[in-house]
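Worksheet: one structure, shown below.
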Amino acid sequence: MEKLPNILYKYQSFEDQYSLINLINCQVYFQDPTLLNDPFDCTLNPIIKNLNSKEKLLLHNRYISSSGNNISFDDFINNTNDVNFGKQTQIHKMITEFYQGNPVLCLSKLYNSILMWSYYTEKHSGFCLGFDTRFEPFNKAFRVNYKKEFPLLRLMDLISKNQRDVNKRLSPLLTKYHDWKHEKEFRAFHSEKPTTFKYPLKALTDIYLGLKISDLNKEKLLKIVSDVYKNNVNVWEAKPIQQQYQVKFNKLDLALV
Numbered sequence: 015m016e017k018l019p020n021i022l023y024k025y026q027s028f029e030d031q032y033s034l035i036n037l038i039n040c041q042v043y044f045q046d047p048t049l050l051n052d053p054f055d056c057t058l059n060p061i062i063k064n065l066n067s068k069e070k071l072l073l074h075n076r077y078i079s080s081s082g083n084n085i086s087f088d089d090f091i092n093n094t095n096d097v098n099f100g101k102q103t104q105i106h107k108m109i110t111e112f113y114q115g116n117p118v119l120c121l122s123k124l125y126n127s128i129l130m131w132s133y134y135t136e137k138h139s140g141f142c143l144g145f146d147t148r149f150e151p152f153n154k155a156f157r158v159n160y161k162k163e164f165p166l167l168r169l170m171d172l173i174s175k176n177q178r179d180v181n182k183r184l185s186p187l188l189t190k191y192h193d194w195k196h197e198k199e200f201r202a203f204h205s206e207k208p209t210t211f212k213y214p215l216k217a218l219t220d221i222y223l224g225l226k227i228s229d230l231n232k233e234k235l236l237k238i239v240s241d242v243y244k245n246n247v248n249v250w251e252a253k254p255i256q257q258q259y260q261v262k263f264n265k266l267d268l269a270l271v
């Protein structure tokens, strides 16, 4: 398991009205995984073939009979084949509940990715926050795996309360198509529906200003750093590197701005 980086980063856009609200209130937002920008992200198609009688009994008792369906277990096990298992309304409900019960916070180990600055901060006009991973919720982040194939998950892994199986459930939420590997992403999860999570002031260590940030938005951020964080945050300003497809970040002297 990869060691958690000392700092994890969150790219932000001023187009999102909550980006400044969250910063002022020292909080981050855990969102519904189905609303992420990659339509293939967090796709869950559990394997439902070859369930034994014990597994079918558990499935029947926990999700089918609880729905008010009066079908007996004998009829259920004899008349339900592997294919139409996946068509059961309760199965879809179970998958929906799984997603809604695992809202996600997306982070990266990089603060200087040209691509992420381009499409997560409105073409470099936003900012990027750096968080100390010794503090919650950042200390509970997991590394995202990048693969060419969809992750496999047995239906019973969703039902089981065994901790090992519980960990398996996170696999679809921690797997992305390999073309996204440049993001070096980490994800933290929350046990409640999409919600905010307050972090201690000292968890925020750095704020990086985009190359095209407006003077007005720069002033807004500096005021928040002064009023809320008492200037105990490093603020960095992006500058282009001549004849290179890169930017550098110069640290601002907050006593002079």
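So in my numbering, spot 18 of the sequence shown is number 32, and the numbers just go up one at a time.
For each residue, glycine too, the CB sits at the ideal point set by N, CA and C.
Every value quoted in this text rests on a predicted model; they were computed, and no experiment measured them.
Asked	Found
Helix, strand or coil for Glu-163? Go by DSSP, reduced to three states.	coil
Who are the Cβ neighbours of Lys-24 in its own chain at under 6 angstroms, not counting the five residues just before and after it?	Leu-121, Leu-143
By the three-class DSSP mapping on this structure, what secondary structure does Ile-255 have?	coil
Just to confirm my understanding: we take Gln-260, look at its own chain, exclude 5 residues before and 5 after, and list those with CB closer than 6 angstroms. What are they?	none
Do Phe-141 and Ile-221 come within 7 angstroms of each other at the CB atom, strictly closer than that value?	yes
On the three-state DSSP scale, how would you describe Ala-202?	strand
Quick check on this structure: which residue in Gln-257, Gln-258, Leu-236 has the alpha carbon closest to the alpha carbon of Trp-250?	Leu-236
Can you pull the DSSP bridge partners for Lys-212?	Gln-41
Anyone know if the C-beta pair for Leu-218 and Val-242 falls short of 7 angstroms?	no
Buried or exposed: where does Asn-20 fall if 16 or more other Cβ atoms within 10 Å of its Cβ makes it buried?	exposed
Please state if the CB of Pro-47 and the CB of Val-118 are separated by a distance shorter than 7 angstroms.	yes
Report the option in Phe-156, Lys-154, Pro-186 whose CA atom is closest to the CA atom of Glu-163.	Pro-186
Going by DSSP in three states, Leu-220 sits in which element: helix, strand or coil?	The sequence shown places Asp at residue 220, not Leu. Strand.
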